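Report on one structure; see the data block that follows.
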Amino acid sequence: MKPAPFAYKKARSLDEAIALLGENPEARLLAGGQSLMATLNMRLSAPSLLIDINGIGGLGGIAHKSGAVEIGALARHTDAERSATIAQHAPLIARAMPFIGHPAIRNRGTLGGSIAFADPAAELPACLLALDGEVDAQGPKGKRTIKTGDYFKGLYETALGPQEILTAIRLPAADSNTRIGFAELARRHGDYAIVGLAASARADGKGLKNVRLAYFGVGNTPLRATGAEAALARGDVDGAVAALDLEPHDDIQATGAVKKHLAGVLLRRVAAQLMEQRP
Amino acid sequence: MKITADSPPVLSILDRPNSYIGRAVPRPNLQRLTQGRGQYISDVTLPRMAHVAYLRSPHAHARIVSISTEAAKNAPGVVAVVTGAELAKVMTPWVGVLTHLKGIKSAPQSPIAVERACWQGEAVCAVVARTRAQAEDACELIDIVYEELPAVTNPETALDAGTPVIHASLGDNLCFERKLDVGEVDKAFANSDAVVEATFVTGRHTGVCTEPRAVVADWNEGEQRMTVYHATQAPHMMQNLFAKHLDLSESQVRVLTKDVGGSFGIKVHTYADEMATVALSKLLKRPVKFVADRIESFVTDIHARDHRIKGKIGVSKDGIITAFEIDDLTGIGPYSVYPRTSGIEANQVVNLTGGPYNCPNYRAQARVVFQNKNVMCQYRAVGHPIAVAVTEGLVELAAAKIGMDPLEIRRRNLFPDDGYPAQTASGLKLEQLSHHEALAHLDTMIDYAGLRAEQKKLRDKGIYRGIGFASFIEVTNPSAAFYGVGGAKITSQDGATVKLDAQGAITIHSGVTEQGQGAEAVLAQCVASSFGVSMDRVRVVTGDTDNTPYGGGTWASRAAGIGGEAAWQAGKALRGNVLAVAGAMLQAKPEDLDIRNGIVVDKTTGAERLGLDELARVAYFRPDTLPPGFQAELMATRHYVPRAWPFAFTNGIQASYLEVDTDTGFVKLLRHWCVEDCGTIINPQLVNEQIRGGVVQGIGAALFEQCLYDERGQMLNGNMADYLVPMAVEMPDIDCGHVVSPTADSELGAKGAGEAGTAGAPACIMNAINDALRPLGAQPLTDMPFTPGKILAALGKI
Amino acid sequence: MSMDVDITITVNGERITERVEARKTLVDFVRDDLGLTGSHVGCEHGVCGACTMRVDGVIVRGCLMLAAQCDGAKVETIEGLSDSGELADLQAAFEQRNALQCGYCTPGMLTAAQELLNQAKAKQSVPSRDEIREHISGNYCRCTGYHAIVDAVESVAKARAGAKS
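Residue numbers (my numbering), protein chains in the order written: chain A, 1 to 279; chain B, 1001 to 1798; chain C, 2001 to 2165.
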């Protein structure tokens, strides 16, 4: 099991990487590589050129500024796991981090890579959706910011253009009224979940408002459960479970019916986290 | 640094000065492995070595209409592109049957498919190139036209008249059938107070050795000799098979095993791609290396345990088991695997079901059918996990039905400890087992009453924990009854050659092999003990047909019991020879001398008389100083084979304590225990680690592992992300306990311990889950693996 | 564009300049080109952990990185970690406790465990058995059932914590 031949180029700047993408339509970007490399080894993907963006400076930072947490595309999972900024201002990311793969994977895998790859069973895309974050991208036409609502388009498909590179993700910084919840069910720790749920809300007296529930592992993209969000905002957990309108497909680990049932179980558990949580 | 003692040493009657029997001594050969300085077959490189990659059939069943290889032949680095038809000129096909499995049949199998591919993953063409990557590149350039044929995938309908026959020459899809009817089964069921029936399914799973299968074959045209570096458990068996199918004499074939990255029965079979690699080396007159990658391993390493068993048990209201009945159906792929056959597993299910229990009425039927999936064959604890699941599942279901404690029903039916020798209903001869003592030990070890109290208290809080048990017997130390009588050249005897070197150190050459079980440590312990030196003066050589006595290798829990006994005897023989030399040198009677800590001493006083280094110096360099006519023999060979009993059965009982999340169907394992009796314990640490590792393989079967196929014969989860092997965090700590009933068949009295863990764990987990869910009225779960979905379904939640 | 890449890489303290195929993984490079066969290939898709080694001080999957990516990097394999003596107590614990059987997963397992032990030392804590189990859950062992490995790592964690105080 060896990759098909490809060329390799280490990009020194975003502009260089963008230009290389333009010149080589069959090229792929290499960031952490923790998903891509496996598909290359199995010859499920055979790009003509790998453009290694790991050497591009300035893309690895994690910063709290203007009420937001900005995470550079090349920040590694481990960086986020150990970041005081993430722990304080993006607690949902901190909560999700131990569920992602294993230490050796987290040492290499990047947050930008995970969001760009947009695996529907992965934790971080769902967190981004739950937090209503945004994505910075740079392409031949310059920079732009994409709201999460516009970002996830389909199975492994995002709003990023063929020559666009994700440069950062931005999340609203948590404050004392921020409530978050996270749970997933995987048969083995570190595996992709059968179903998972990332959630955020704002405390509203004893209740909740702005509830955002983002499921993963139940569709082609991370999916919001808007009916359940509204019910939770009313404090109606049973109603929230009843309002779940997910229609997950069968996969290797579970049938759609099992996933749907488990989504309801997770909703109760995450709702409890949202409601009980106090800073 | 403190290492917690793993288990108190079990002292043996064989204790003498320098005895290592019963002591948890560390394995002497481990530093090489912890430092990354082992040499596995995948590490072997030879001058002129080329790499082979196999193009594999994407279809479960297809006629090969044409193969176009021109583009591949011209690809960079390619040495040769070889089809099945071309390789058939170098190597003859084989048929996996044994004469003692009456009626078993199979079709000739070729190293590379000729005309027809019979499972998804069967090799259809070989590319040999300078690198594996180049070989894979060229595979993509081969154009094969297939005509897809109907795939037989469902064993339930494999024998129906409307189902296509996979091998027309065989007439039908039946590989093997066995029926047994002992005692008065119908009458026993009729007279039972309760009869319980259930259908058990054991999921098709596979070994997933950490190191995939690997072989480097080196045909030396100048020597007319084939050297095969082969990650195998049975080098002499493979020597015979390579020679036979290449039309060579066995003396023209040498097999070396080196370090082997896990085996578990996976590496004791004939694999078409490994045979093809050896044939390619002969054809190309240069070394050829094949290392299965993980993806091809999943569709070519033997699978096992794909059984559906309808089971029935009768009991009286006081818990006496009146009868067992089973109907086993298993699909084994398109060929019976050579040379051990794919009939043995079902045969073992018939032999072993009901095995721990003194119940005279037993009826069994087993049918083994062909199908277009990867082949199945013997994997660790062959047939045991299936038979134990059926037996122990039925026993606990029966106990629940009559309201009896699961340990109590066992106490009332297990063969009595003082009633041996005994014979099971299926005819297995049991020399001496200890079911009741093992059960009593377990009862105490787990604090059964305390666990039940905790379980009850937690149930009131909505926490559902279960306690499950599995009694078992295990086949070990097989005699010729296993394979030899069926005509296979798989030896049941084993040999050991022990020699004293010129500095007074010992080397032992043994026919058993090491894949991590600790066989080499056991051999060193046996020789050091019976000869009388410290273990650091003993070096062990295994895994080389040129340099070891003819032996069977390591499988069926035979290395310690058979290889260890041969080593023990060889050490004793050499001790006699050395004392004869010492007697001659010291003008003493050999019987008045002993060897202790590598020094010849006066037997009664212990006074030191002569160092072995001095003895060796004289014997090798100054034999002229020895008495006239005296010849020193500083090398001794002994062989051993069990004769009094066909198998040395072991026994034991396991317990599992687990918690089921009744909302999610997830199972959390809290603790696992195993008490077993493998006779004399040569090294308690190694025994315990065999049990622990085996238990976790059994847990894999119960909760995680299954080779999933669709109805067209495509494997759906053939990678390590989707096929779930047990990883550390989901596994429990495992406590081990022992009872010791030595076999009288050997002087050491050691039986095997390699498979007990795997034999009992799946049943134990199943019973614990059902115990946890019984108060909720859940349907009993009998279909492994027990996924969250199946548990939720049993609870009526989906 | 070239399918080969020139790299200069420090492996176990030794500076090496090689031309490698762009597609060659780091583990294939150290095994095939450098003869460092202590790093093992188990799955080549990032699940089994047999190829775990250190790059620039942190553990990685050798099958999920390209050698070409390691230009300028510092790579440490089991051979280097053994020769330096860094793992000596952990290796001894594995040997004493029989925390390895076939040994194929062992170099990766040791390398992964050492990262946890280093983190624990930095935090002046001793990891629990569950924490040890979680940390090594990306390293597959088919032989031991993990119990002995957890014992060995735990004993070293305690010993190192004790030695420090």
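Glycine included, each C-beta is placed from N, C-alpha and C at the ideal position.
Just so it is clear, the structure is predicted and the values come from calculations on it, not from any experiment.
Q | Within-8 Å CB hit, residue 105 of chain A to chain C | A | Chain C contact via Cβ: present.
Q) From the beta carbon of residue 42 of chain A, is the nearest beta carbon of chain B less than 8 Å away? A) By this cut-off, residue 42 of chain A is an interface position.
Q | Presumed contact (8 Å Cβ cut-off) between residue 168 of chain A and residue 72 of chain A, rounded CB distance | A | Contact check for residue 168 of chain A and residue 72 of chain A: beta-carbon distance about 5 Å, within the 8 Å limit, so the pair qualifies.
Q: Spell out the partners DSSP gives residue 1270 of chain B in its beta bridges.
A: Here residue 1270 of chain B is not bridged, per DSSP, to any residue.
Q) Going along the segment 1205-1230 of chain B in order, which residues come within less than 7 Å of chain C, judged by CB to CB distance? A) Correct list: 1208, 1209, 1210 and 1211.
Q.
Run through chain B and tell me which residues come within less than 7 Å of residue 255 of chain A, C-beta to C-beta.
A. 1789, listed in chain order.
Q: Could you name the residues of the segment 1506-1519 of chain B whose beta carbon sits closer than 8 Å to any beta carbon of chain C, in the order they occur along the chain?
A: Interface annotation for the segment 1506-1519 of chain B against chain C: 1515, 1516, 1517 and 1518, criterion Cβ-Cβ distance under 8 Å.
Q.
One question on the structure: do residue 1352 of chain B and residue 1383 of chain B come within less than 8 Å of each other, judged by their Cβ atoms?
A. With contacts defined as CB atoms closer than 8 Å, residue 1352 of chain B and residue 1383 of chain B qualify as a contacting pair.
Q.
residue 1025 of chain B and residue 1080 of chain B - do their beta-carbons sit closer together than 8 Å?
A. Result no, Cβ atoms of residue 1080 of chain B and residue 1025 of chain B do not sit closer than 8 Å.
Q: Identify whether residue 1342 of chain B lies in helix, strand or coil by the three-state DSSP scheme.
A: Three-state result, residue 1342 of chain B: coil.
Q | Own chain partners of residue 1528 of chain B with C-beta closer than 8 Å, once the 5 adjacent residues on each side are dropped | A | Within its own chain, the residues whose Cβ lies closer than 8 Å to the Cβ of residue 1528 of chain B, once the five positions on either side in sequence are excluded, are 1018, 1020, 1506, 1534, 1535, 1537, 1538 and 1571, listed in chain order.
Q) Taking the Cβ atom as the reference point for each residue, do residue 2077 of chain C and residue 2156 of chain C lie within a distance shorter than 8 Å? A) No, the pair does not count as a contact, with Cβ atoms beyond the cut-off.
Q: Check the Cβ of residue 2043 of chain C against every Cβ in chain B and list those closer than 7 Å, keeping chain order.
A: Simply 1294 and 1720.
Q) According to DSSP, is residue 1021 of chain B helix, strand or coil? A) Coil, per DSSP.
Q | the segment 43-60 of chain A in contact with the segment 182-197 of chain A per 3-pair CB rule at 8 Å | A | No, the segment 43-60 of chain A is not in contact with the segment 182-197 of chain A.
Q | the segment 1209-1217 of chain B in contact with the segment 1315-1330 of chain B per 3-pair CB rule at 8 Å | A | Between the segment 1209-1217 of chain B and the segment 1315-1330 of chain B there are fewer than three C-beta pairs closer than 8 Å, too few to call the two in contact.
Q: Give the range of the alpha helix (DSSP H) segment to which residue 194 of chain A is assigned.
A: No alpha helix (DSSP H) holds residue 194 of chain A; DSSP gives it neither H nor E.
Q. Buried or exposed: residue 1621 of chain B, going by 16 or more other Cβ atoms within 10 Å of its Cβ?
A. Residue 1621 of chain B comes out exposed.
Q) Sorted by chain position, which residues of the same chain lie with C-beta nearer than 6 Å to residue 1514 of chain B's C-beta, five sequence neighbours on each side aside? A) Within the same chain, Cβ atoms closer than 6 Å to the Cβ of residue 1514 of chain B are found at 1520 and 1542, the five residues on either side in sequence being excluded.
**Q.** For residue 1720 of chain B, three-class secondary structure by DSSP
**A.** Assigned with DSSP and collapsed to three states, residue 1720 of chain B falls in coil, not helix or strand.
Q.
For the structure I just gave you, are there three or more beta carbon pairs, one from the segment 1491-1500 of chain B and one from the segment 1638-1650 of chain B, closer than 8 Å?
A. The answer is yes - the segment 1638-1650 of chain B touches the segment 1491-1500 of chain B, with three or more Cβ pairs under 8 Å.
Q. Which chain A residues are close to residue 1717 of chain B, counting only those with a beta carbon under 8 Å from its beta carbon?
A. Near residue 1717 of chain B (Cβ distances below 8 Å), the residues of chain A are 252.
(Q) DSSP three-state label for residue 2066 of chain C, please. (A) In the three-state reduction of the DSSP assignment, residue 2066 of chain C falls in the strand class.
Q) residue 2013 of chain C touches chain B at which residues, Cβ-Cβ below 8 Å? A) Within 8 Å Cβ-Cβ: nothing; residue 2013 of chain C doesn't reach chain B, min ~16 Å.
Q) residue 162 of chain A to residue 142 of chain A, Cα distance in whole Å? A) Spanning the two alpha carbons is a distance of roughly 13 Å.
Q. Taking residue 2070 of chain C as the reference, which of C/2151, C/2023, C/2142 and C/2087 has the closest Cα?
A. Cα-wise, what sits closest to residue 2070 of chain C is C/2023.
Q.
To be precise: take each residue of the segment 2061-2074 of chain C, compare its Cβ to all Cβ atoms of chain E, and keep it if any distance is under 8 Å. Which residues remain?
A. Going by chain labels, chain E is absent from the structure shown, which instead holds the protein chains A, B and C.
Q: Output yes if chain C places a C-beta closer than 8 Å to the C-beta of residue 54 of chain A; else output no.
A: Residue 54 of chain A counts as touching chain C.
Q) From residue 1483 of chain B to residue 1592 of chain B, what distance separates their C-alpha atoms? A) If you take the alpha carbons of residue 1483 of chain B and residue 1592 of chain B, they lie about 44 Å apart.
Q: Grab the span of the alpha helix (DSSP H) containing residue 2094 of chain C for me, first residue to last.
A: DSSP places residue 2094 of chain C in the uninterrupted alpha helix (DSSP H) bounded by 2088-2096.
Q.
On the DSSP bridge list, what partners appear for residue 198 of chain A?
A. Note: residue 198 of chain A is bridge-paired with A/182 and A/214 in the DSSP secondary-structure output.
Q. For the candidate residues B/1415, B/1288, B/1781 and B/1270, whose alpha-carbon lies nearest to that of residue 1047 of chain B?
A. Ranked by Cα distance from residue 1047 of chain B, the options B/1415, B/1288, B/1781 and B/1270 are led by B/1288.
Q. Between the segment 1135-1147 of chain B and chain A, which residues of the former have a C-beta closer than 8 Å to a C-beta of the latter?
A. Cβ contacts with chain A: 1136, 1137 and 1140.
**Q.** The beta strand (DSSP E) enclosing residue 1219 of chain B, as first and last residue numbers
**A.** Here the beta strand (DSSP E) through residue 1219 of chain B covers 1214-1220.
(Q) Helix, strand or coil, according to DSSP, for residue 1651 of chain B in the structure here? (A) It is a strand residue.
Q: With 8 Å as the threshold, decide whether the Cβ of residue 1009 of chain B is near any Cβ in chain C.
A: Any reading at residue 1009 of chain B is ruled out, since the residue's pLDDT is 45, under 50, leaving its predicted position unreliable.
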